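For my numbering, count along the sequence shown from 1 and bump the result up by 8.
Positions of the beta carbon are idealized from the N, C-alpha and C atoms, including for glycine.
Bear in mind that the values here come from a model prediction, so they are computed numbers and not experimental data.
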Amino acid sequence: MASENSFAQPAIPRFDGHYDHWSMLMENFLRSKEYWNLVEIGITAAAGGSDSSEAQKKILDELKLKDLKAKNYLFQAIDRSILETILKKDTAKDIWDSLKQKYQGTARVKRAQLQALLKEFEVLHMKNGETVNDYFGRTLTIANKMRTQGEKMDDVVIIEKILRSMTSKFDYVVCSIEESNDLDILSIDELQSSLLAHEQRMSRHVVDEQALLVTYGVQQGGRGRGTYRGRGRGRGRQGFDKSTLECYNCHELGHFQWECPRKPKEEKANYVETKEEMLLMALVESKEATMEQIWFLDSRCSNHVWEERHVL
Numbered sequence: 009m010a011s012e013n014s015f016a017q018p019a020i021p022r023f024d025g026h027y028d029h030w031s032m033l034m035e036n037f038l039r040s041k042e043y044w045n046l047v048e049i050g051i052t053a054a055a056g057g058s059d060s061s062e063a064q065k066k067i068l069d070e071l072k073l074k075d076l077k078a079k080n081y082l083f084q085a086i087d088r089s090i091l092e093t094i095l096k097k098d099t100a101k102d103i104w105d106s107l108k109q110k111y112q113g114t115a116r117v118k119r120a121q122l123q124a125l126l127k128e129f130e131v132l133h134m135k136n137g138e139t140v141n142d143y144f145g146r147t148l149t150i151a152n153k154m155r156t157q158g159e160k161m162d163d164v165v166i167i168e169k170i171l172r173s174m175t176s177k178f179d180y181v182v183c184s185i186e187e188s189n190d191l192d193i194l195s196i197d198e199l200q201s202s203l204l205a206h207e208q209r210m211s212r213h214v215v216d217e218q219a220l221l222v223t224y225g226v227q228q229g230g231r232g233r234g235t236y237r238g239r240g241r242g243r244g245r246q247g248f249d250k251s252t253l254e255c256y257n258c259h260e261l262g263h264f265q266w267e268c269p270r271k272p273k274e275e276k277a278n279y280v281e282t283k284e285e286m287l288l289m290a291l292v293e294s295k296e297a298t299m300e301q302i303w304f305l306d307s308r309c310s311n312h313v314w315e316e317r318h319v320l
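What follows is the structure, given as C-alpha cells:
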C-alpha cells in the first residue's frame, strides 16, 4: 500500500510535432526537477568558471550528473526518428537548442498556414448551383486541414458554419433543423442527410414545373392542331407563327379552321376573341336544330363538340 507521502510522478511530455506546446510542457517538467538551469545556460556557465580547485571539480561533477538526468528525460520525450538526428549532442542544452532550431521554425509556418485556413473557413459559403455533397466536401476538407495544424474543430462548429452559409433556397429547412434539433448532439452525417433529402425534393419540383411548361406552353415547335394555347392577357401572342398549325378542315398547315379557304360557304362559324384569351366556337350542322342548340364553347381539350350545351 502506498504511503501517505507518496504521490504520482508527472508523466514526461511526449513530443508530438507541435513544438511550442511541447516545449512549454517540457520546460515546466524540467523546472520541477531542478534541471532547467542546465538546459537553459549549460554546464560551464552553471559551474561559475574554470577554476580547477577541488570544490569546483565537485560542483562540476554534480552538474554533469544532473545534465545526464536531464538528457535522459529529453531522450524519453522524443521518438527514435528524431533521436537519431541528435545523438552527437553532448549536453541537454545542445539537445534542446537543436530541437528548437529544427521545429520552432516549422511551428511558425504551421501557425501561418492555420491563420490562412481560419480565414478561408470564415468566408466559406455555398455557391449558387452547388450541390449539398459538393459543399460538404469543400467544408470538411478545410476543417480537416485545420485539425491537422492543431486547431480544435468540434463537429458543432462545422454544423453551425454550414447552416449559416447555405444559399437562400435552403432558408426554411435550415430554420426547421435549428428549431427541431440540438446542434450540440446533431452529427454532420445527419445534417447532410436532411439537406440532401430537401435538395432532392426541390429537384423533383423543378422537373415537374418544366414538364408543365412544355405541356401548356404557347408554342413548342411541334405541329399545332389549330387551337390557341396561350392564357392570360395576350401572353405569348407576339411573334406567333401559324406555319406549324394544321387546319381541322383541310388538314393543311398555315391557318386555323375558321380561316380555311376550302371551307363550304353554307357552313358558318363564329369565333370570339377576348382580351384574356381566344375562345373558339363550333357550329353543329343540323337543319332541325334551334338557335339555342347551335353555338357551343370549344374547350380545346378534345377534337369533338357536344350535342347539348348544358353539358358544358
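Apart from the five residues on each side of it in sequence, which residues of its chain come closer than 6 angstroms, Cβ to Cβ, to residue i?
| i | result |
| --- | --- |
| G25 | none |
| V164 | L191 and D192 |
| Q112 | Y27 |
| K118 | Q157 |
| F129 | I150 |
| L33 | P21 |
| I94 | I103 and S106 |
| K115 | Reading the sequence as shown, one finds Ala at residue 115 and not Lys. Closer than 6 angstroms at Cβ, skipping near neighbours: Y27 and D28. |
| S294 | Reliability of the predicted coordinates at S294 is poor, the pLDDT of 46 falling under 50, and the value obtained from them is presented with this limitation in mind. Same-chain partners within the cutoff: there are none. |
I'd like to know whether the C-beta atoms of residue i and residue j end up nearer to each other than 8 angstroms.
| i | j | result |
| --- | --- | --- |
| E352 | L122 | This structure leaves residue 352 out entirely; the chain is present only between 9 and 320. |
| M154 | L132 | no |
| A78 | Y27 | no |
| E207 | T139 | yes |
| N141 | T175 | no |
| K97 | I90 | no |
| I150 | I196 | no |
Short of 7 angstroms in beta carbon distance, which residues of its chain neighbour residue i, apart from the five on each side in sequence? Order them along the chain.
| i | result |
| --- | --- |
| I20 | F37, Y81, Q84 and A85 |
| R22 | A85 |
| C258 | C268 and R270 |
| D75 | L46, I51, T99 and A100 |
| L194 | I167 |
For residue i, which three-state DSSP category applies?
| i | result |
| --- | --- |
| E159 | coil |
| Y236 | Any reading at Y236 is ruled out, since the residue's pLDDT is 42, under 50, leaving its predicted position unreliable. |
| E254 | strand |
| L171 | helix |
| L191 | coil |
| L132 | coil |
| L199 | helix |
| L261 | strand |
| T99 | coil |
| C268 | coil |
| A19 | coil |
| E138 | coil |
| D179 | helix |
| D105 | helix |
| I94 | coil |
| E293 | Residue placement at E293 is flagged as unreliable, the pLDDT there being 46, under the threshold of 50; the coordinate-derived value follows with that caveat. Correct three-state label for E293: coil. |
If contacts are defined as beta-carbon pairs under 8 angstroms, then residue i and residue j qualify, I think. What distance do you get, rounded to the angstrom?
| i | j | result |
| --- | --- | --- |
| V181 | L203 | 7 angstroms |
| T99 | I49 | The pair is not a contact, with the Cβ atoms about 11 angstroms apart (cut-off 8 angstroms). |
| L171 | E186 | 6 angstroms |
| Q134 | S173 | Checking the sequence, you will find Met at residue 134 rather than Gln. Right, their Cβ atoms sit about 6 angstroms apart. |
| F144 | Q200 | 5 angstroms |
Return the chain-ordered list of same chain residues with a C-beta closer than 8 angstroms to the C-beta of residue i, the five sequence neighbours on each side being excluded.
| i | result |
| --- | --- |
| S40 | P18 |
| M210 | K177 |
So residue i is in the alpha helix (DSSP H); what residue range does that whole segment cover?
| i | result |
| --- | --- |
| N36 | Y27 to S40 |
| F83 | E62 to A85 |
| W44 | W44 to I49 |
| S89 | R88 to L91 |
Looking at residue i and the ligand ATP, is the gap between the Cβ and the nearest heavy atom below 7 angstroms?
| i | result |
| --- | --- |
| H206 | You won't find the ligand ATP in this model; it holds no ligand whatsoever. |
Closer than 8 angstroms, CB to CB, is residue i near chain D or not?
| i | result |
| --- | --- |
| K153 | Reference to chain D is not applicable here, since this structure consists of a single protein chain. |
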